[in-house]
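Written below as structure tokens is the structure these notes are about.
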Amino acid sequence: MTESAAAQTVSLFPDHFLRTSADYILSQQQPDGMIPWFLGHHADPWDHVEAAMGLSIAGEWGAAERAYHWLADNQLEDGSWWAAYKDGAVHNRERRETNFVAYVATGVWQHYLISSNRVFLDALWPTVEAAIEFVLRLQTEEGEIHWAVDGDGAPMKDALVTGCSSVYKSLECAVLIAQALGKARPAWQQGRRRLGEALRSKPYRFDRTWESKARFSMDWFYPVLTGVFNGSEARARLGARWDEFMVAGLGCRCVSDEPWVTVAESCELTMALVAAGEKKRAAKLYRGLHRWADSDGGYWTGYVYPDQAIWPEEKTTWTVGAMLLAADALADLTPASTLFTSVSQALEPAQDAEGIHHLHGFELAGGQG
0 MTESAAAQTV SLFPDHFLRT SADYILSQQQ PDGMIPWFLG HHADPWDHVE
50 AAMGLSIAGE WGAAERAYHW LADNQLEDGS WWAAYKDGAV HNRERRETNF
100 VAYVATGVWQ HYLISSNRVF LDALWPTVEA AIEFVLRLQT EEGEIHWAVD
150 GDGAPMKDAL VTGCSSVYKS LECAVLIAQA LGKARPAWQQ GRRRLGEALR
200 SKPYRFDRTW ESKARFSMDW FYPVLTGVFN GSEARARLGA RWDEFMVAGL
250 GCRCVSDEPW VTVAESCELT MALVAAGEKK RAAKLYRGLH RWADSDGGYW
300 TGYVYPDQAI WPEEKTTWTV GAMLLAADAL ADLTPASTLF TSVSQALEPA
350 QDAEGIHHLH GFELAGGQG
């Protein structure tokens with residue numbers, strides 16, 4: 000951590016934040032490495048990875064690696080995972096979601112950036128490769144990726160903006176893993192480029208068979224968080240619906256029409272703001288989130304402000320993981336601090352030229368809200 004970054008931590012989060020946050024996730028992790036939402040609840044592959052990334056940031060590398068090896072041990076032959084697991088068994092066999100499956104690449108790459116553990120990267124490569132191949136088999140000619148397959152493996156033919164945006168970042172990380180291991184995967188680069196084009200210019204390919212998900216804040220900021228939009232386009236996107244989703248002094252609504260702010264979405268919006276060059280606004284939002292911390296290091300999931308009530312009364316491991324990821328993005332705690340706030344220049348320039356001129360750390364005039 001740089002001296003300037005160390006100075007920032009004083010005001011960004013409380014003393015012992017990293018230790019207590021890590022201890023909370025560790026207290027919920029199962030002996031086999033699985034990280035459920037909380038004790039007695041299920042785990043899903045995406046949130047499991049989010050919590051594991053928090054462990055990597057906090058220096059609990061062994062525990063994080065056990066989490067990734069749990070994924071490797073439970074991966075299906077086609078490269079996917081079921082929607083949920085509990086008590087050492089499959090908990091939900093109804094579907095296998097593409098953004099859940101792809102996210103292992105993001106977590107593995109983040110852990111490698113932090114740990115420099117080449118043995119770990121080599122060991123997880125077959126898991127990442129199989130997961131990404133599964134996901135790309137579900138990409139359509141228009142570029143979007145079907146959100147899931149059903150219990151029998153048949154594609155569930157529609158796409159989600161948030162889910163595809165998450166896959167977009169995971170494909171970036173997968174390409175970088177392949178490059179680090181000296182493995183050419185041009186089809187992955189092509190798949191990512193086509194997915195980005197669909198997200199940027201083909202809105203009609205999303206939410207075709209159900210009600211629009213635009214009321215969810217993640218549809219608003221995830222394309223910024225994951226590098227689909229950068230620079231002025233990212234700032235314009237965040238500015239366009241800021242008043243719909245932000246509650247001054249509290250955080251980000253989960254959905255625009257409900258009086259409920261959630262900590263994880265607020266953390267992810269924090270990182271999206273950093274990615275868009277609005278670091279002061281991001282820091283102000285993030286500092287206020289520590290009011291939702293409990294004495295055991297966990298963070299409450301959300302708050303219904305008309306009732307002044309915490310709801311649900313759950314402290315999810317993935318919420319703590321999101322708190323740690325946002326802290327890293329703001330304070331440069333690890334070598335992976337820019338994972339969600341920039342697009343890697345190691346990608347082929349022709350593939351993502353629009354994402355390379357990223358304004359990391361630049362603060363907009365007036366961006367103090």
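Oh and the sequence shown: position 331 is 330 in numbering that gives the first Met the number 0, straight run, nothing missing.
The beta-carbon is built from N, C-alpha and C at its ideal position, and this holds for glycine as well.
Here the structure is a predicted model, which means the values were calculated and not measured.
Whole-number beta carbon distance between residue j and residue i, since they are thought to touch under 8 Å
i           : j           : result
residue 266 : residue 325 : 4 Å
residue 301 : residue 319 : The pair is not a contact, with the Cβ atoms about 14 Å apart (cut-off 8 Å).
residue 90  : residue 47  : The Cβ separation is near 12 Å, so there is no contact.
residue 285 : residue 54  : 20 Å between Cβ atoms; not a contact.
residue 120 : residue 180 : 7 Å
residue 234 : residue 277 : 7 Å
residue 168 : residue 226 : 6 Å
residue 332 : residue 56  : 6 Å
Own chain partners of residue i with C-beta closer than 8 Å, once the 5 adjacent residues on each side are dropped
i           : result
residue 58  : 17, 21
residue 209 : 157
residue 365 : Low local confidence applies: a pLDDT of 31 at residue 365 is under 50, so the model's placement there is unreliable, with the coordinate-based value given in what follows. Taken in chain order, the list of residues that qualify is empty.
residue 176 : 104, 107, 108, 111, 120, 124, 127
residue 166 : 97, 98, 101, 134, 144, 194
residue 13  : 289, 292
From the options, residue whose alpha carbon lies closest to that of residue i
i           : options            : result
residue 52  : 334, 343, 345      : 334
residue 37  : 26, 45, 234        : 26
residue 103 : 79, 115, 94, 83    : 79
residue 282 : 258, 72, 306, 248  : 248
residue 93  : 106, 167, 48, 43   : 43
residue 141 : 191, 269, 23       : 191
residue 19  : 316, 338, 336, 345 : 316
residue 195 : 41, 176, 138, 150  : 138
residue 123 : 66, 309, 29        : 66
residue 336 : 111, 81, 74, 83    : 111
residue 30  : 167, 49, 229, 63   : 63
residue 236 : 32, 274, 252       : 274
residue 155 : 306, 136, 172      : 136
residue 346 : 289, 285, 188      : 188
residue 264 : 280, 109, 216, 303 : 216
residue 33  : 85, 75, 60, 186    : 85
residue 341 : 228, 309, 69       : 228
residue 75  : 152, 105, 199      : 152
residue 149 : 291, 96, 133       : 96
residue 299 : 311, 305, 306, 307 : 311
residue 304 : 343, 250, 71, 344  : 250
residue 245 : 280, 186, 81       : 280
residue 87  : 60, 28, 101        : 28
residue 144 : 193, 184, 114, 113 : 193
residue 15  : 328, 294, 35       : 294
residue 200 : 232, 35, 243       : 232
residue 39  : 344, 131, 328, 314 : 314
residue 61  : 13, 113, 82        : 113
residue 186 : 242, 308, 132      : 132
Residue i Cβ short of 6 Å to the ligand SAH heavy atom set
i           : result
residue 197 : Summarising the ligand content, the structure contains no ligands, and the ligand SAH is consequently not present.
Residue interval of the alpha helix (DSSP H) (run including residue i)
i           : result
residue 370 : Because the chain in this structure spans residues 0 to 368, residue 370 falls outside the shown range and cannot be described.
residue 233 : 230-239
residue 148 : Counting along the chain, residue 148 falls outside any alpha helix (DSSP H), though it belongs to the beta strand (DSSP E) covering 147-149.
residue 47  : 44-56
residue 217 : 216-224
residue 322 : 316-330
residue 164 : 160-179
residue 190 : 185-200
residue 289 : Premise fails: residue 289 is in no alpha helix (DSSP H) and is neither H nor E.
residue 128 : 117-135
residue 67  : 60-73
Close Cβ partners of residue i (< 6 Å) along its chain, the five nearest in sequence each way excluded
i           : result
residue 162 : 98, 146
residue 221 : 161, 164
residue 224 : 267, 270, 271, 339
Delimiting residues of the beta strand (DSSP E) encompassing residue i
i           : result
residue 90  : 88-91
residue 303 : 301-303
residue 19  : Residue 19 -> not in any beta strand (DSSP E); alpha helix (DSSP H) instead, spanning 16-27.
residue 261 : 259-261
residue 85  : 83-85
Spatial neighbours of residue i in its chain, beta-carbon cut-off 7 Å, leaving aside the 5 residues before and after
i           : result
residue 214 : 254, 255, 256
residue 49  : 317, 320, 321
residue 172 : 104, 105, 108
residue 184 : 174, 177
residue 218 : 160, 161, 212
residue 292 : 298
residue 72  : none
residue 115 : none
Residue i at chain B interface by Cβ criterion, 7 Å
i           : result
residue 315 : Any reference to chain B falls outside this structure, which holds one protein chain only.
- Spell out a yes or no on whether the region 191-210 and the region 244-258 are touching, meaning 3 or more CB-CB pairs, one atom from each, closer than 8 Å. no
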